[in-house]
Amino acid sequence: MSTTVEEARDRLIDCVRDLAYLHSPDELFTLASGRQSPHFFDMKPVMMDPEGAHLIGVLLHSKIENLGNIDAVGGLELGAVPLAGIAIAKAPRGSNLRGFMVRKEAKGRGGRKTGNPPGIEGSTLNEGDRVVLLEDVTTTGGSALKAANRLTAIGCEVVACITILDREEGGLDAFDAAGVTLLPLILRSDVTGE
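Going letter by letter, the sequence shown gives residues 11 to 204 in this note's numbering.
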């Protein structure tokens, strides 16, 4: 029995609430963006959970299919690495969807076989490829937009960024300003009720 998009979204909200969400109004969390928040989301347990990975895969492909003719998916390490694997594994039979990762700092070893520049690893990316960025949690969009700039510099067209969760803290506006559509699977308010 297949999972509908609506069922997957509802179940993903519960999965994130159960496996990824922490709330601490008295002791704020410092986020990767440097901001402080009473809400913290660690998506790694969700991405590494069989049901969570399945639900994410269903929702990712719903978004990817609507974008049409996407050549590759991936994004900045570490959060995008399991997401790229999920997207590729859930791709329809016969798909040519490829995956990549962008290192925060190039190691100088990757890309030898693929011809990608240092710091962009995985499948070969070609000038003109239509790519979708993947992100686990979006706050300001700063990290993913750095990856978008690196991909644009090698001639890729960054069509959109799909994030598991948009924290609703300015990321959407940042992506809009950069000309990249942000497509969240769920929102912070879906999980927190706020």
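From the three backbone atoms N, C-alpha and C, an ideal C-beta is built for every residue, glycine too.
*Since residue 146 and residue 53 are thought to touch, with beta carbons under 8 angstroms apart, how far apart are those beta carbons, to the nearest angstrom?*
In the sequence shown, counting from the first residue as 1, residue 146 sits at position 136. In the sequence shown, counting from the first residue as 1, residue 53 sits at position 43. Their Cβ separation, rounded to whole angstroms, is 4 angstroms, which keeps residue 146 and residue 53 in contact under 8 angstroms.
*Where do the N-terminal and C-terminal ends of the alpha helix (DSSP H) with residue 202 fall, by residue?*
Taking the first residue of the sequence shown as position 1, residue 202 is located at position 192. 198–202 is the extent of the alpha helix (DSSP H) around residue 202.
*Could you check what DSSP says for residue 47 in three-state terms: helix, strand or coil?*
Locating residue 47 in the sequence shown gives position 37, where the first residue counts as 1. It is a strand residue.
*Inspect the beta-carbon positions of residue 84 and residue 109 and report whether they are closer than 8 angstroms.*
Mapped onto the sequence shown, residue 84 falls at position 74. Mapped onto the sequence shown, residue 109 falls at position 99. Going by C-beta atoms, residue 84 is nearer than 8 angstroms to residue 109.
_Separation of residue 42 from residue 188, as counted between CA atoms_ = For the purposes of this step, residue 188 is taken as residue 178 along the sequence shown, with counting starting at 1. For the purposes of this step, residue 42 is taken as residue 32 along the sequence shown, with counting starting at 1. C-alpha separation (whole angstroms): 20 angstroms.
_I'd like the list of long-range same chain contacts for residue 193, defined as Cβ closer than 6 angstroms, with 5 residues on each side in sequence excluded._
Indexing the sequence shown from 1 puts residue 193 at position 183. 73, 170 and 172.
*Where does residue 82 fall in DSSP's three states?*
Mapped onto the sequence shown, residue 82 falls at position 72. Correct three-state label for residue 82: strand.
*Could you check what DSSP says for residue 9 in three-state terms: helix, strand or coil?*
Residue 9 is absent from the model: the chain starts at 11 and stops at 204.
*asked:* As an exercise, report each continuous beta strand (DSSP E) stretch of at least 3 residues that is fully enclosed by the segment 57–118, in chain order.
replied: 82–86 and 108–112
*asked:* Within a Cβ cutoff of 7 angstroms, which residues of the same chain sit near residue 34, ignoring the five residues on either side of it in sequence?
replied: Translated into positions along the sequence shown, residue 34 becomes position 24. Excluding residues within five positions, the ones whose Cβ falls inside 7 angstroms are 48.
*Going by C-alpha distance, which of 28, 198 and 190 is nearest residue 140?*
Here residue 140 corresponds to residue number 130 of the sequence shown, with the count starting at 1. Per the Cα distances, 190.
*Helix, strand or coil for residue 171, going by three-state DSSP, please let me know.*
In the sequence shown, residue 171 corresponds to position 161, counting from 1. Looking at residue 171 - three-state DSSP - the assignment turns out to be strand.
*What whole-angstrom Cβ distance do residue 112 and residue 157 have, given they're in contact under 8 angstroms?*
Position 102 of the sequence shown, counted from the start, is the residue given in the question as residue 112. Position 147 of the sequence shown, counted from the start, is the residue given in the question as residue 157. About 4 angstroms; that satisfies the 8 angstroms criterion.
*Could you say which of 56, 63 and 26 lies nearest to residue 13 if we only look at CA atoms?*
Locating residue 13 in the sequence shown gives position 3, where the first residue counts as 1. It is 63 whose Cα lies nearest to the Cα of residue 13.
_Coarse secondary structure for residue 177, derived from DSSP in three states_ = Residue 177 sits at position 167 when you count from the first residue of the sequence shown. DSSP places residue 177 in coil when its eight states are reduced to three.
*Taking residue 78 as the reference, give the member of 142, 175 and 198 with the closest Cα.*
Here the question's residue 78 lines up with position 68 in the sequence shown. Comparing Cα-Cα distances from residue 78 to each of 142, 175 and 198, the minimum goes to 142.
*DSSP on residue 37, reduced to helix/strand/coil?*
In the sequence shown, counting from the first residue as 1, residue 37 sits at position 27. Coil, per DSSP.
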